[in-house]
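Asker: Note that UniProt numbering has the sequence shown beginning at 1, numbered continuously upward.
The beta-carbon is built from N, C-alpha and C at its ideal position, and this holds for glycine as well.
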Amino acid sequence: MSTSNLDSVFLAQRLPLLRTLVRMVKNPSIAEDLVQETYLRVARTLLERRIDHLEPFLFQTGRNLALDHLRHLRMQSRTMLDDVPVEVVQAVPAPGSSAEDSLHAEKLLERLGTTLSQLSERQQRIFILSRLHGCGYAEIAEQLGVSLSTVQKELKLIMAICIGLVSRLEESP
């Protein structure tokens, strides 16, 4: 299958593909980007191997890219906030807050960073894999060669340390 075949199939299927991706990602701009990325991926694949059924391959590639995008968003949204009490989250100043609120937030982040840097190397890895990379307990346990219960206990301890620090900062003038 040649690139000219891809061009004709792509042009004929562009709008249905775009509609499919908009339904999946709920954002026309991102869907448009995914349509373009789909074309590029399929064109690269055509250089490497023959594709007998181009239209279904085009749609499957687009859907896979949309699912990757949604997975990435889900991982990005997983943060330390999962385990932090609501009152602590509400205490973080919004953009445009007073200088005092901003200073407090800066102090909090600095202390949290210092506290986290004092954890053991394994605890830091567990925290990073869980809160920054969105890995589940089982995946972390497998990557680090520890038990599931160890991961759970370590994360519980780390979050208790973080919450304790926040509480102490809230109490101090």
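Alpha carbon to alpha carbon, how far is GLU106 from THR115? Give it in angstroms, no decimals.
Answerer: THR115 and GLU106: Cα-Cα distance of roughly 14 Å.
Asker: According to DSSP, simplified to helix, strand and coil, what is residue 196?
Answerer: Here the chain has residues from 1 to 173 only, and residue 196 is not among them.
Asker: Quick check on VAL146: does DSSP put it in helix, strand or coil?
Answerer: In this structure, VAL146 counts as coil in the three-state DSSP scheme.
Asker: Do LEU129 and GLN143 come within 8 Å of each other at the CB atom, strictly closer than that value?
Answerer: Yes. Within cutoff.
Asker: So ARG63 and MET24 are in contact, right, with Cβ under 8 Å, and what is the actual spacing, rounded?
Answerer: With 8 Å as the limit, ARG63 and MET24 qualify as a contact, their Cβ atoms being about 7 Å apart.
Asker: Apart from the five residues just before and just after ILE140, which ones in its own chain have a Cβ nearer than 7 Å to its Cβ?
Answerer: So the list reads ILE126, LEU129, SER130, VAL151, once near-sequence residues are dropped.
Asker: By Cβ distance, which residues of its chain are closer than 6 Å to ARG71, with the 5 residues on each side in sequence left out?
Answerer: Once the five neighbours on either side are set aside, ARG71 has no close Cβ partner at all.
Asker: What separation, rounded to the nearest whole angstrom, lies between the Cα atoms of ASP68 and PHE57?
Answerer: For ASP68 and PHE57, the distance between alpha carbons rounds to 16 Å.
Asker: Would you kindly report the start and end of the unbroken alpha helix (DSSP H) that includes HIS132?
Answerer: Just to set this straight, residue 132 is Leu in the shown sequence, not His. Segment: none, LEU132 is in no alpha helix (DSSP H) and carries neither H nor E.
Asker: Return yes when the Cβ of THR61 is within less than 8 Å of the Cβ of VAL42, no when it is not.
Answerer: For VAL42 and THR61, yes; Cβs fall inside 8 Å.
Asker: Quick check: what's the CA-CA separation for ARG50 versus THR38?
Answerer: Taking the straight line from one Cα to the other gives about 17 Å.
Asker: In the structure shown, what three-state DSSP assignment does residue 249 receive?
Answerer: Residue 249 lies beyond the range of the chain shown here (1 to 173); nothing can be said about it.
Asker: What are the boundary residues of the alpha helix (DSSP H) that ARG41 is part of?
Answerer: Taken as a continuous stretch (DSSP letters only), the alpha helix (DSSP H) holding ARG41 covers 28–48.
Asker: Out of ASN27, ARG122, SER167, ALA160, point me to the one whose CA is closest to VAL146's CA.
Answerer: It is ARG122.
Asker: Compare the beta carbon distance of VAL22 and PRO28 with 8 Å and say whether it is the shorter of the two.
Answerer: In contact: VAL22 and PRO28 (Cβ atoms closer than 8 Å).
Asker: Roughly how many angstroms separate the alpha carbons of LEU15 and ALA138, rounded to a whole number?
Answerer: Rounded to whole angstroms, LEU15 to ALA138 spans 41 Å at the Cα level.
Asker: How many angstroms separate the CA atom of ASN5 from the CA atom of ALA160?
Answerer: One C-alpha to the other measures close to 59 Å.
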